[in-house]
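Residue numbers (this note's numbering): 44 to 145.
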């Protein structure tokens with residue numbers, strides 16, 4: 044009887060390990076596809092505005108109290124700008140916030 048439960052436990056453990064490895068590999072693949080060729084097409088219109096605001100925060104030129112607008116008329120909070128500015132405190136590469144958000 045004990046051998047039967049031991050076999051079931053080992054089978055369950057193997058299936059859990061396989062499931063964890065599967066999801067770990069899936070996460071790595073999706074992360075790779077997310078950042079693959081990232082510098083080629085991220086800075087357009089609103090994104091460029093957001094990066095310029097984040098650069099201004101990182102250099103100490105501007106501290107906004109209103110964030111980006113949603114739908115053109117609804118202003119959001121400035122948290123997004125401050126979040127984007129975090130990697131710019133450590134590097135001057137303009138694409139660093141994208142990798143940080145990705």
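In this text, a Cβ means the ideal position worked out from N, Cα and C, and glycines have one as well. Being a predicted model, the structure only gives us computed values, none of them experimental.
Cβ neighbour criterion (16 or more within 10 Å) applied to residue i
{"i": "residue 62", "result": "exposed"}
{"i": "residue 68", "result": "exposed"}
{"i": "residue 100", "result": "buried"}
{"i": "residue 141", "result": "buried"}
Given residue i as reference, the closest of the options once Cα atoms are compared
{"i": "residue 109", "options": "123, 79, 101", "result": "123"}
{"i": "residue 145", "options": "50, 55, 81", "result": "81"}
{"i": "residue 137", "options": "50, 102, 72", "result": "102"}
CA-to-CA distance, residue j to residue i, given in whole angstroms
{"i": "residue 218", "j": "residue 59", "result": "A question about residue 218 goes unanswered here, because the residues of the chain that appear run from 44 up to 145."}
{"i": "residue 77", "j": "residue 104", "result": "31 Å"}
{"i": "residue 91", "j": "residue 121", "result": "16 Å"}
{"i": "residue 89", "j": "residue 118", "result": "14 Å"}
{"i": "residue 57", "j": "residue 70", "result": "20 Å"}
{"i": "residue 139", "j": "residue 133", "result": "9 Å"}
{"i": "residue 65", "j": "residue 135", "result": "36 Å"}
{"i": "residue 116", "j": "residue 53", "result": "59 Å"}
{"i": "residue 111", "j": "residue 143", "result": "19 Å"}
- Could you say if the stretch 96-111 and the stretch 128-144 meet the contact criterion of at least three C-beta pairs nearer than 8 Å? yes
- Item | Contained alpha helix (DSSP H) runs [length at least 4] in the stretch 67-131, N- to C-terminal order | 88-102, 122-128
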